[in-house]
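Worksheet: one structure, shown below.
In the numbering used here, the protein residues as written are 72 to 489.
Below you can see the structure in the form of structure tokens.
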């Protein structure tokens, strides 16, 4: 049995299919898995056009159906959305570790100031600001699409009912005999509506594909951001651990050692007072005289500690992860936009049917295209923003590597003196 369907019904069919794809990208892995288990074979439908009074043809190929990539990640929206949450959680942990640095900064800068190594203004707790990742509203485009498709589907269904008045050879013949001008005018009006609706659908179909492409670009980038945030958190953990177990104890030892050098000089100059306590002995105001001596290891330690301190200070004060997710709202423009507009035009092209006046007098669709306008549809272009953000990741990783290098050097010195 053949099921006769109008172009409007065909359009409704593809709108429903697109809405199903939009739902699919938002599903969880468990939902996708269950669907695959319950998957059944779809029954094909023969689609006929009833505008043609001489015959019918399959018009399903006329409507752009989107990419058919079997390897495509079906629930890409859900994956990206979860990755944003993972990244935000990592940032919370990073903030906790950054704030824990304050006590270490306070203690270290006191030692460095007393030795004349740190002469600039000291870091104050008030300079601490939280890293913050504002999770983008990924559903903004989804809501935009659904609203457009709901409007388009509603009208297409209404037009499908209206088209029933002109469907079939007998009905068309009777209309031509009873009211030729009115029936031709009505059919041409419906055809104009279908052309405009089809163009809007095709534009939305391309818009969805570009939206999915933007999510595909975000997925590996987000994974890299999460990896970087974890690496940063681990670096802060190692930093805090090394400060607590190696640096602060060694600073105490170094302070006592430096005071012992002062005591040695006081004894030599016979200036040591028997009533003097260790607290009365001030640390030297400079350690420059230790360089290239048998005590050079202490000089090297403090030199490395100063470099490490600047990294600690930066980690405490600066939000080096926050800007990673500030994507610009870039859209296709220039040649890229012209290319997509050309593809839309080709995919939405409608040819006049045999047996109609459309071959003789072209249909004016300006009024209908105003109603079903696609002018507010802009195509996302995340590639430029992500490329710029990837450069930021490189800089962050370099900073993390620099901190690790300083930590390794300090730990090596500490181990030598144990």
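All C-beta atoms in this analysis are idealised placements derived from N, C-alpha and C, irrespective of residue type, glycine included.
Asked, Found
"Straight-line gap, residue 343 to residue 316 (C-alpha atoms, nearest Å)", "34 Å"
"Three-state class that DSSP yields for residue 402 in the structure shown", "strand"
"Where residue 189 sits in the DSSP three-state scheme", "coil"
"Within 7 Å, strictly: CB atoms of residue 180 and residue 193", "yes"
"Contact under 7 Å by Cβ, residue 223 with residue 271", "yes"
"Status (buried if at least 16 other CB within 10 Å, exposed otherwise) for residue 409", "exposed"
"Distance between beta carbons of residue 368 and residue 487, contact taken as under 8 Å", "6 Å"
"Whether residue 230 touches residue 206 by CB criterion (7 Å)", "no"
"N- and C-terminal bounds of the alpha helix (DSSP H) containing residue 363", "Segment: none, residue 363 is in no alpha helix (DSSP H) and carries neither H nor E."
"Residue 451, DSSP secondary structure in three states", "strand"
"Pick from 380, 155, 402 and 190 that is closest to residue 294, judged by C-alpha positions", "155"
"Rounded separation between residue 153 and residue 267 - CA only", "38 Å"
"Own chain partners of residue 421 with C-beta closer than 6 Å, once the 5 adjacent residues on each side are dropped", "266"
"Host alpha helix (DSSP H) of residue 437 (start-end)", "437-442"
"Counted within 10 angstroms of its Cβ, other Cβ atoms place residue 176 as buried (16 or more) or exposed", "buried"
"Of the residues 91, 151 and 298, the one placed nearest residue 461, counting alpha carbons only", "298"
"Nearest-angstrom beta carbon gap, residue 419 and residue 172 [assumed within contact, 8 Å]", "So it is not a contact: roughly 58 Å between Cβ atoms."
"Proximity to residue 161 [Cα-Cα], best of 291, 440, 326 and 300", "300"
"First and last residue of the uninterrupted alpha helix (DSSP H) at residue 227", "210-234"
"Own chain residues within Cβ distance below 8 Å of residue 333, not counting five before or after", "352, 353, 354 and 355"
"DSSP-derived helix/strand/coil call for residue 277", "helix"
"Assigned secondary structure, residue 460 (DSSP; H/G/I helix, E/B strand, else coil)", "helix"
"Residue 283 classed as buried or exposed, judged by whether at least 16 other C-beta atoms fall within 10 angstroms", "buried"
"Distance, residue 183 Cα to residue 360 Cα", "16 Å"
"Backbone secondary structure at residue 339 - three-state DSSP", "helix"
"Distance CB(residue 166)-CB(residue 393) smaller than 7 Å", "no"
"Beta-carbon contacts of residue 477 that lie in its chain and below 8 Å, excluding the five residues immediately before and after", "375, 378, 379 and 382"
"Proximity of residue 146 and residue 86 at Cβ, strictly below 7 Å", "no"
"Coarse secondary structure for residue 129, derived from DSSP in three states", "At residue 129 the pLDDT is 39, less than 50, meaning the model places this residue with poor confidence and gives no usable figure here."
"C-beta atoms of residue 148 and residue 275 nearer than 7 Å", "no"
"Minimum C-alpha distance to residue 467 - residue among 438, 414, 303 and 217", "303"
"Endpoints, alpha helix (DSSP H) assigned at residue 196", "First-last for residue 196: undefined, no H or E at that position."
"Proximity below 7 Å, CB of residue 321 to CB of residue 485", "yes"
"Beta-carbon proximity list for residue 451, same chain, < 7 Å, skipping 5 on both sides", "281, 282, 285 and 402"
"Exposed unless 16 or more other CB atoms sit within 10 angstroms - verdict on residue 292", "buried"
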